[in-house]
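Chains as they are written, first to last, in this note's numbering: chain A, 5 to 403; chain B, 5 to 403. Beneath this line is the structure, given in structure tokens, with notes to follow.
Protein chains: 2
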Amino acid sequence: MKRTSRDIRTANRSLVLRHAIAASPVSRPALARATGLSQATVATLVGELLELGVLVEAGFEESGGGRPRGLVAVDAEGGALVGVDVAETYVHVEVVDLALRVLGRAHAELTPEDGDPARAARRIADAVRDATERAAAGRRVLGVGISMPGMVDREGGVSVFAANWNWHGVPLLALLAEHLPHPLHLDNPMRACVVAELWFGAARGRDDAVVVNLGTGVGAGLAFGGGPHRGASNSAGEWGHTTLVLDGRPCHCGRRGCVETYVGAPGILRTVAELDPGSALLRAGDQTAALDALAAAIERGDPTAEAALRRTAHCLGAAIGDLVNLLDPEVVVLTGWVARRLGRRLLDVVRPAVATHALPRPSAAVEILLSPIGANPVSLGAATFALEGALSPGAGAPR
Amino acid sequence: MKRTSRDIRTANRSLVLRHAIAASPVSRPALARATGLSQATVATLVGELLELGVLVEAGFEESGGGRPRGLVAVDAEGGALVGVDVAETYVHVEVVDLALRVLGRAHAELTPEDGDPARAARRIADAVRDATERAAAGRRVLGVGISMPGMVDREGGVSVFAANWNWHGVPLLALLAEHLPHPLHLDNPMRACVVAELWFGAARGRDDAVVVNLGTGVGAGLAFGGGPHRGASNSAGEWGHTTLVLDGRPCHCGRRGCVETYVGAPGILRTVAELDPGSALLRAGDQTAALDALAAAIERGDPTAEAALRRTAHCLGAAIGDLVNLLDPEVVVLTGWVARRLGRRLLDVVRPAVATHALPRPSAAVEILLSPIGANPVSLGAATFALEGALSPGAGAPR
């Protein structure tokens with residue numbers, strides 16, 4: 005786990021580029037102030053990013069007297085990046101330019117039969133080709149980032165374990181490389197979400213952030229010192245499988261009382277069933293339809309729906325309060341389809357619940373926010389993996 | 005929370021010095037390999053540490069032909085550092101040389117009356133003077149690091165909240181400065197423990213570590229990327245106040261079901277009382293005597309003691325398993341007086357309990373160890389605060 009000087013250079017290039025994307029056009033001294041790096045280091049890094057074709061010279065700044073300062077800007081036209089969100093029931097692809105603005109999308113539903121690894125790779129590659137042929141026409145594709153749920157061996161490009169398809173050790177990148185000629189980068193949705201918030205969302209400019217991802221499963225993307233925390237086996241963030249109730253509800257992971265069994269979509273619906281086994285909300289159709297029905301019932305003041313929201317907030321407040329007490333982050337960002345569906349109403353009950361559970365000092369220091377990223381944050385984050393890959397010394401100049 | 009270039013320089017100086025302490029005498033290229041920094045950066049940092057009088061030139065390395073390589077070593081004689089562990093019932097002071105070898109100690113019991121802030125500062129200052137006059141004779145004292153339980157404002161030198169003396173906003177460093185002429189540095193015991201393990205203990209050379217401190221209270225010192233994680237308000241690590249049992253045992257913090265209420269010394273004794281309200285273990289005297297009696301009873305196979313150990317391991321296994329799932333550390337180090345007293349017997353039951361609760365991949369990646377630091381790790385860590393303070397650019401050359 006030793007950081008090499010190459011890792012440090014990649015991290016510093018990313019840091020400078022992230023600030024350049026936020027503030028283009030920008031001078032080198034302004035980048036030095038924003039990043040905390042020395043002016044000499046910033047000058048070197050900017051030179052490398054110009055060489056890579058990611059930044060371009062962009063005229064001069066008014067300096068009110070002295071020598072005019074050169075400006076640099078992100079070269080949005082310098083290439084295209086592809087981000088892929090592989091989920092339980094779909095694959096979603098976004099193509100973005102170097103300023104990470106969306107150029108185009110593709111979406112395909114996946115069926116249980118698509119769980120065959122070779123077939124899954126073909127379906128993913130088809131969606132990537134579909135999106136890039138339409139959106140990236142004439143631009144060089146610098147890389148493809150893929151977010152795959154479950155446990156991921158990032159360096160090896162292997163899906164170590166994916167519960168949805170019962171995959172164990174599937175060499176996903178090797179399978180994809182048979183179809184796609186681009187540099188490929190693999191990681192999991194928690195890492196994608198935290199990278200998306202760090203570069204473009206509610207964690208911009210923050211050092212220490214937690215991105216709470218609420219969906220069918222739940223997890224927490226962690227950032228410390230301004231970068232994603234991956235852990236010793238790239239498994240960090242399995243907050244969904246931390247204990248909220250010792251010996252509580254059984255979890256599909258084989259343990260009991262996991263956070264996920266209370267605040268994941270199936271857990272919330274179980275809470276509804278415990279409150280009112282005959283609730284019409286449980287007959288709304290699939291899980292997504294049931295959550296939509298729950299959100300609508302909360303809006304119209306349905307007592308069971310409101311009780312389920314309060315009970316969920318009690319659990320979520322304790323579980324997020326635990327993250328606040330342990331990690332003392334600057335910001336906790338709520339993301340994922342369940343958070344998007346319940347939105348403001350969830351935030352309004354979770355904030356006081358966290359304040360009740362967390363200690364006063366870290367509670368006063370933290371902001372709890374909904375993700376401001378409108379598009380799919382997982383595919384945006386995955387596109388950022390490809391950008392970070394392209395910035396790695398030795399990856400080869402994209403031009 | 006923006007890192008400044010000064011912070012980065014301090015961190016890099018610490019990184020180089022930490023490796024130099026571990027491997028003195030050592031060549032500059034070896035330091036570059038060990039730290040991941042470039043050879044040019046290491047050459048600059050070594051120059052600064054020579055200038056500060058912390059390193060000295062130490063001859064040449066056999067190079068089997070080519071130009072002989074210069075070696076540097078820690079200048080143990082270059083000064084003295086003082087580490088102070090302020091606990092609920094005592095103040096413990098250690099004086100160390102620049103290789104952080106112990107030169108001398110002082111110890112004083114504290115009574116509830118010592119909770120008056122001015123009086124506490126006087127008692128602490130007396131103990132520091134007592135130790136330095138005997139141990140540091142002829143050496144310049146480069147700084148004094150103080151570990152104070154509770155919530156600490158590190159930059160301001162203020163004890164924000166200390167439960168033992170019901171302190172709120174006591175300007176401890178300002179009070180101590182009336183008695184002590186040295187540079188003073190304040191932080192909490194969790195930070196002291198993690199710094200001690202990073203520099204001298206079971207987390208040496210690791211990037212991501214968790215130091216679990218088991219005493220009357222419990223907490224977790226966190227390290228990411230090779231340095232201590234402090235959080236947005238220097239409150240990170242309040243693992244003792246994360247939820248193990250939602251709505252469980254009441255905690256002195258006002259919440260319920262906190263980890264501390266199950267695995268802190270009073271929590272363990274409560275478990276004994278739940279198992280056998282008439283147990284002789286509960287009549288052994290104060291809490292320390294009761295834990296000694298428990299350790300002895302475990303050794304002789306007493307059924308209540310063994311049941312209490314198993315129940316504690318079940319709780320501790322779940323709570324440490326949560327840390328493993330969330331943070332995916334390389335190592336979890338058990339420290340604190342309760343861990344020292346129960347020792348090997350605790351480790352033997354905690355390891356399988358963690359394996360049961362943690363997910364397979366992060367569980368396979370983590371080592372669970374007892375702290376190898378024989379002396380008081382809190383005062384050793386506090387002395388390291390003083391060393392890191394002396395390494396900060398602008399702190400003034402210690403010579």
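Where is the CB? At the ideal position from N, CA and C, for every residue including glycine.
{"Query": "According to DSSP, is N329 (chain A) helix, strand or coil?", "Result": "helix"}
{"Query": "If you draw a straight line from the C-alpha of V99 (chain B) to the C-alpha of A140 (chain B), how long is it?", "Result": "7 Å"}
{"Query": "Using the beta-carbon count (16 or more within 10 Å), is N192 (chain B) buried or exposed?", "Result": "buried"}
{"Query": "Express the C-alpha separation of A277 (chain A) and K6 (chain B) in angstroms, rounding to a whole number.", "Result": "Unreliable positioning characterises K6 (chain B) in this predicted model, as indicated by a pLDDT of 49, which lies under 50. A coordinate reading is not provided."}
{"Query": "Looking at the C-beta of D191 (chain A), does it have a partner C-beta in chain B at a distance below 8 Å?", "Result": "no"}
{"Query": "Given L338 (chain A), which residues of its chain have a CB within under 6 Å of its CB, disregarding the five upstream and five downstream residues?", "Result": "V216 and L374"}
{"Query": "Return the residues of the segment 326-347 of chain B that lie within a Cβ-Cβ distance of less than 7 Å from chain A, sorted by chain order.", "Result": "D326, N329, L330, L331, D332, P333 and E334"}
{"Query": "State the CB to CB distance for the pair I377 (chain B) and A200 (chain B), rounded to an integer number of angstroms; the pair is presumed to be in contact (CB under 8 Å).", "Result": "6 Å"}
{"Query": "Can you tell me whether A196 (chain A) is buried or exposed? The criterion is at least 16 other CB atoms within 10 Å of its CB, across all chains shown.", "Result": "buried"}
{"Query": "Between the segment 60-80 of chain A and the segment 359-366 of chain A, do three or more beta carbon pairs fall short of 8 Å?", "Result": "no"}
{"Query": "Are at least three pairs of beta-carbons, each pair with one atom in the segment 161-169 of chain A and one in the segment 127-145 of chain A, less than 8 Å apart?", "Result": "no"}
{"Query": "Which residues in chain C sit within 8 Å of V249 (chain B), going by Cβ to Cβ distance?", "Result": "Judged by its chain identifiers, the structure shown contains no chain C, and its protein chains are A and B."}
{"Query": "With 9 Å as the C-beta to C-beta threshold (strictly closer), list the residues of the segment 204-234 of chain A near chain B in chain order.", "Result": "G209, R210, D211, D212, A224, L226, F228, G229, G230, G231, H233 and R234"}
{"Query": "Under 8 Å between C-beta atoms, does W171 (chain B) make it to chain A?", "Result": "no"}
{"Query": "What is the residue span of the beta strand (DSSP E) that W171 (chain A) lies within?", "Result": "W171 to V174"}
{"Query": "Would you say V162 (chain A) reaches chain B, if we count a Cβ-Cβ gap shorter than 8 Å as a contact?", "Result": "no"}
{"Query": "Could you tell me the boundaries of the alpha helix (DSSP H) in which D352 (chain A) lies?", "Result": "W341 to H361"}
{"Query": "Compare the C-alpha of G119 (chain A) against each of A:N168, A:R138, A:P33 and A:D251 and name the closest.", "Result": "A:N168"}
{"Query": "Among the candidates A:A390, A:T292 and A:T48, whose CA atom is the shortest distance from the CA of T93 (chain A)?", "Result": "A:T292"}
{"Query": "Looking at chain B, is there any beta carbon in it that lies within less than 8 Å of the beta carbon of G385 (chain A)?", "Result": "no"}
{"Query": "How about I25 (chain A) and V78 (chain A): are their beta carbons less than 8 Å apart?", "Result": "yes"}
{"Query": "Once DSSP output is grouped into helix, strand and coil, what is the label at P402 (chain B)?", "Result": "Model confidence at P402 (chain B) stands at a pLDDT of 40, short of 50, so the residue's coordinates are unreliable and nothing is read from them."}
{"Query": "Please report how far the alpha carbon of L391 (chain A) lies from the alpha carbon of G149 (chain A), in whole angstroms.", "Result": "8 Å"}
{"Query": "Just to confirm my understanding: we take G400 (chain A), look at its own chain, exclude 5 residues before and 5 after, and list those with CB closer than 6 Å. What are they?", "Result": "The pLDDT assigned to G400 (chain A) is 47, lower than 50, so where the model puts this residue is not dependable; a value taken from the coordinates is nonetheless given after this. Hits under 6 Å: none found."}
{"Query": "Go through its chain and collect everything with a Cβ distance to R253 (chain B)'s Cβ below 8 Å, but skip five positions before and after it.", "Result": "R260, G261, C262, T265, Y266, G271 and R274"}
{"Query": "How would you list, in chain order, the residues of chain B whose beta-carbon sits under 7 Å from the beta-carbon of M3 (chain A)?", "Result": "Because residue 3 (chain A) is not part of the residues shown, which for chain A are 5 to 403, the question remains open."}
{"Query": "With DSSP collapsed to three states, give me the class of S151 (chain A).", "Result": "strand"}
{"Query": "I want to see whether chain B comes within less than 8 Å of T246 (chain A), judged by CB atoms only; does it?", "Result": "yes"}
{"Query": "Alpha carbon to alpha carbon, how far is L327 (chain B) from A240 (chain A)?", "Result": "9 Å"}
{"Query": "Quick check: does the Cβ of E92 (chain B) come within less than 7 Å of any heavy atom belonging to the ligand FAD?", "Result": "The ligand FAD is not among the ligands present in this structure, which contains no ligands whatsoever."}
{"Query": "If I measure Cβ to Cβ from R403 (chain B) and keep anything under 6 Å in the same chain, skipping five residues before and after, which residues do I get?", "Result": "Because the pLDDT at R403 (chain B) is just 38, under 50, the model does not fix this residue reliably, and the value given afterwards should be weighed accordingly. So the list reads G57, once near-sequence residues are dropped."}
{"Query": "Report the neighbours of H361 (chain A) on chain B: residues whose CB is nearer than 8 Å to its CB, in chain order.", "Result": "T247 and R259"}
{"Query": "Can you give me the start and stop residues for the beta strand (DSSP E) that V263 (chain A) sits inside?", "Result": "No beta strand (DSSP E) holds V263 (chain A); DSSP gives it neither H nor E."}
{"Query": "Whose C-alpha, out of A:A103, A:L49 and A:L226, is nearest the C-alpha of E242 (chain A)?", "Result": "A:L226"}
{"Query": "For a quick check, are the C-beta atoms of H183 (chain B) and A125 (chain B) less than 8 Å apart?", "Result": "yes"}
{"Query": "What is the DSSP secondary structure of S31 (chain A), reduced to helix, strand or coil?", "Result": "strand"}
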